[in-house]
Each structure stands twice: as C-alpha cells, then as structure tokens.
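Working notes for the structure below.
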DNA sequence: CTAGGGTTAG
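In the UniProt record's numbering, the protein residues as written are 1 to 563.
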C-alpha cells in the first residue's frame, strides 16, 4: 500500500508548473508559506525552479530567506544564476558559502557541471583548476558522466586539449554528450595557430565512436562537418552531409551553418550558396556564414547584397556580421562601402567597435593605399589592443607588423617583433594541407620528413627552372628582413605551399584541380609563382590562405592581385 | 523526490 505524502502532492505544487506571471507565482509563494510547506526542501525547490524562469531576482529573494538551505537548493540556484551571464559572480559566491558553511552540507556531483560551464568564459576561466581539485576532494572517485563531460569541456576550452583527451580516455563507456564534448574539442580551430594537426583527430575519433554503441546525433555531425571545413577535406565533408540525410538527422540551423562553412572552406562557393537557399529558415548565423563565404571568395558585392537582404528580413547585424561584410569590401577595394559600415556600427547600431572592427578598417584602408587614414585608425586601435590580445593571440600583432612591412616602416616592424617576443608570442610556422586520393597531406615550411622528399625536391627544381624560363624573378620583400638575400630565396623555395603544390603535381590526376589550404597568408612571391605554375602546367589551383581564397587558372588569380 | 554536461558564423 502506498500512502500519499501531502508535501509532495499539495495542489499548490501542481499550479507552480503552470504559472506564467510573477503575480500568480507570488500567490503560490504566499500559500506555500501559510500552509507550512516552506519548511520542506521539495516545495521550495519547485518554487525556486519556477521563479528563476520568470524573475531571477525574485528567486534570490526567496533563497536568502531560507534558513539552512540544503545542497539541493543551492544547486538549483547556482545553475539558474549561471544561465544569466551577468550574475555568474553570485553563483560563485554561493558556491563559496557551501564550502564555508558550518552545517554539514557538501557539494555533490550536481554542483559542478554548471560551474565548469561558467568557467568557459572570462573572467571565470582561472577558477577551473581549483574546482577540479574540489571535485577530487569532495566527490567519490568514480564520478558520473556529467562531471566528466564538463571537465573535458573546461580543459578543451582553455586550450588544454591533451588534458581533455586524457580525461576522455579514462572513461570506459562514454555517452553521447561525452563523445560530443571531445569531438567538438578536436574540431575547434586553434585561433593561435590558425590550424592544427589535431583536427585530424576528429575524423579518427568519429570512426571510434561508430565502433561503439553510441549513435551520433546532430551535435556530433556539426563537430565532424566543421572539422572537415577546417581541413579542407571535401570528400569527407560530402560524406558527412550524406550521413545527415541518410540517417534522418535534422538539417537544423547548426548543421546548416556548419555545412555552409564547410563547403565554403573547401572552395565550393556555389554548393554553399545552394545550401543556404535551400534552408527552410535562416537565422543571423546562417547569414553570417554565407556573407563570410562570399567575402572569403572575393565577391564583395555579393557579400554586401546579402548584408542588405539580411537587414530587410529583420535580422539585426552583430559583431561578426560587421567583420565578414567589411572583409568582403576589403578584398575587392570597396573602400567607401566598408567605411560606411564601420561608421554605422556606432552611429546606427550603438555598438562600440571592437579591435576586430578596427582591424578590418585598417586592412581596408591600407590595402587601398590610404595609409594616413589607416594609421589614424591604427592609433585608435592600439589603445584597445593590449586588453584583448594579451590572453589571446599574436594575430593582431602579426597583422600590424605586416602592415608596417607593407609600407616599408622597418623600424616599426622591428619594434612590433620585439614586443611580440617580449610577450612570448612567436611567429608560427607556415603549413599547407593538400588532399590526394581522399587522404590529407600536411607540409610544414622547410619540411624534410615527407616520405617522397626526394621526388618533391626534384619537382621543385624543375618548377623553379620553368619559372625562370618564364622570366619570374623571386621577390623576397616579405621574407624575414634580417636574413641574407640568398637565404631568403632559399626560404621562399621551401614555403609549405610550394612543397604541397610540387607533391600535388606529382600525385593528383592531371584534370583535377589542386586544392591547397594554408594556415598563413600567401606571400607575394608564392602568389606570383602559383599564377605562372597554373599556366605552365595547365592546372587549376585553388588555394585557401588565412584571409581568403585564390583561384589560380591560366596564369591569373581570382583576387586580381588585390589581397 | 525534484538539479547538472555536448552544437553553428570571423
């Protein structure tokens, strides 16, 4: 026989689930107090839960009046607070209260996942390690999948991919979210390196997952698809797209946006556009992806048209929209249009331009030769730069330093390099990826480890000879300024894209285009050489560099030498 | 007998 506990079945609790306004909630709250239900954890938990959806300050108000809250109630309030980004500090102070409490409450495995989630963004990242210590201290040694997944995410988020992988390998039967955590971690592009070999790991891990009993879902495929985009692995990307269709996964915004990015990054702009057109509905991120696709392929006007269309559809542009649209302008020299967008950020949308926005406008102006204006913006930007870059990336410094190099301000280049060295930011080696027969090959500048090294070097000599016959003179301006001239020419010869092109000329079927992916910008000499190579060897070469795509054919490039 | 983890754009 089962008796009904009035604390669990009181009609007021039934109403809580349905209440839509703060007013009705207050009435139920009053009722809970007068009936004495407020002395029990269960009714309070329901009350806190319902109120957090309507008004989080009301939740806090209730919570502060609870004499000795159980860990259960703490957990509910902490996770609700973390869903409100600006109240994260209160969540941490509540956690602190748990640690300091003289009653016997201790954190449990429900306490940590949301706290680690909060540690994904600044300024909370620094608390993650201490939290991990607490996990080891307070929880049983075999803690559950939620905590494990949140730890994996935390370490992946702060760039400690090795630690994330180590933790993942400790888990005997990872569930779906845990698999997704590690796959997303591997598929994310490293903003400091532009590209990392670990992206390969996503594909390997996905295979391992398929050998397990866990079935991939949309989130899994998003990770897989974006990894294919980063790698430029078109055949695997198409396979992943087919997987979505064949297995009845939903073509939602996440998948749609990821596919647009993948096709675009693999050099297939029209496939990206077809996908964009075919999506049932499009949000801001889909638009950003598609505008970015037009931009990176050098179609500034199409990027601008889509930007206008997006606004007509009632979608407000955000920081990323401004970046991609301005970079589209920058690639084709649409200076006035680009400047207008830059001005509108503040004047129309009331948003303070970020370092990235200044970066765009400096790019736009300096490429168009309007150096004085570019320098003015640079000065404005330098005030913003240190705050954002210190923890993040050398990319902004490299960009500035290249800008100074471009206008022969070698003293400034020197001081930039010094500043970078001082801050522990190093120049990253150039790497190129090329797909040959479905496999991805990676070449690093000056690489001497490839199994076909001898053949590649023979081919490079042949190429070099043909280039000279066509009157090509190496231009060494963009090579490091402090080495001797012959060394500069030598260095040029072994730029990663040269190695990749030589290899592809040897291996790729002669009527297939050669598709190269670089992590840095292509240098002026490699650009000029590749144009000639496309003519001499009658090969279409599609090269994605850090900034944009270059489609080389018959001695010319789609960027019309403006990049 | 309630609570917690995973996704897209540059």
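All C-beta atoms in this analysis are idealised placements derived from N, C-alpha and C, irrespective of residue type, glycine included.
Counterpart residues of residue i in DSSP-defined beta bridges
i: residue 432; result: 443 and 518
i: residue 557; result: 552
Start and end residues, beta strand (DSSP E) containing residue i
i: residue 542; result: 541 to 544
i: residue 550; result: 549 to 553
First and last residue of the uninterrupted alpha helix (DSSP H) at residue i
i: residue 38; result: Careful: residue 38 lies outside any alpha helix (DSSP H) and carries neither H nor E.
i: residue 171; result: It is not in any alpha helix (DSSP H) - residue 171 carries neither H nor E in the DSSP assignment.
i: residue 216; result: From DSSP, residue 216 is part of no alpha helix (DSSP H); its letter is neither H nor E.
i: residue 508; result: Looking at the DSSP string, residue 508 is not in any alpha helix (DSSP H), and its letter there is neither H nor E.
i: residue 469; result: 453 to 469
i: residue 255; result: 253 to 265
i: residue 301; result: 300 to 312
i: residue 90; result: 88 to 100
i: residue 527; result: 524 to 536
i: residue 122; result: Note, residue 122: premise wrong, no alpha helix (DSSP H); not H, not E.
i: residue 438; result: Note, residue 438: premise wrong, no alpha helix (DSSP H); not H, not E.
i: residue 146; result: 145 to 157
i: residue 297; result: Looking at the DSSP string, residue 297 is not in any alpha helix (DSSP H), and its letter there is neither H nor E.
i: residue 178; result: 176 to 187
i: residue 235; result: 234 to 246
i: residue 316; result: Where residue 316 is concerned, there is no enclosing alpha helix (DSSP H), given that its DSSP letter is neither H nor E.
i: residue 270; result: 269 to 278
i: residue 133; result: 128 to 138
Classification of residue i by the beta-carbon crowding that lies within 10 angstroms, buried from 16 upward
i: residue 562; result: exposed
i: residue 39; result: exposed
i: residue 57; result: exposed
i: residue 256; result: buried
i: residue 307; result: buried
i: residue 244; result: buried
i: residue 96; result: exposed
i: residue 386; result: Note that residue 386 scores 44 on pLDDT, short of 50, meaning its location in the model is unreliable; the coordinates nonetheless yield the value given after this. Exposed.
i: residue 154; result: buried
i: residue 6; result: exposed
i: residue 330; result: buried
i: residue 179; result: buried
i: residue 357; result: buried
i: residue 100; result: exposed
i: residue 542; result: buried
i: residue 131; result: buried
i: residue 363; result: buried
i: residue 564; result: A query on residue 564 cannot be resolved here, the shown segment of the chain reaching from 1 to 563 and no further.
i: residue 545; result: buried
i: residue 303; result: buried
i: residue 65; result: exposed
i: residue 124; result: buried
i: residue 174; result: buried
i: residue 312; result: exposed
Beta-carbon spacing of residue i, residue j below 7 Å
i: residue 46; j: residue 4; result: no
i: residue 590; j: residue 294; result: For residue 590 there is no data in the structure shown, the boundaries of the chain being 1 and 563.
i: residue 98; j: residue 91; result: no
i: residue 111; j: residue 75; result: yes
i: residue 181; j: residue 149; result: yes
i: residue 106; j: residue 138; result: yes
i: residue 68; j: residue 103; result: yes
i: residue 296; j: residue 465; result: no
i: residue 241; j: residue 259; result: yes
i: residue 15; j: residue 50; result: no
i: residue 54; j: residue 94; result: no
i: residue 504; j: residue 514; result: yes
i: residue 525; j: residue 451; result: no
i: residue 534; j: residue 552; result: yes
i: residue 87; j: residue 44; result: no
i: residue 261; j: residue 300; result: no
i: residue 360; j: residue 326; result: yes
i: residue 341; j: residue 353; result: no
i: residue 440; j: residue 431; result: no
i: residue 442; j: residue 433; result: yes
i: residue 516; j: residue 491; result: no
i: residue 298; j: residue 559; result: yes
Cβ-heavy atom distance, residue i to the ligand SAH, below 6 Å
i: residue 136; result: As far as ligands go, the structure on display features none, and thus does not contain the ligand SAH.
Quick check for students: name the residue ranges of the alpha helix (DSSP H) that lie wholly in the stretch 330 to 387, counting only runs of 4 or more. 335 to 347 and 355 to 367
What ranges does the alpha helix (DSSP H) occupy inside the stretch 9 to 71, keeping only unbroken runs of at least 4 residues that lie completely in it? Fully enclosed alpha helix (DSSP H) runs of 4 or longer: 11 to 16, 22 to 34, 41 to 54 and 56 to 64.
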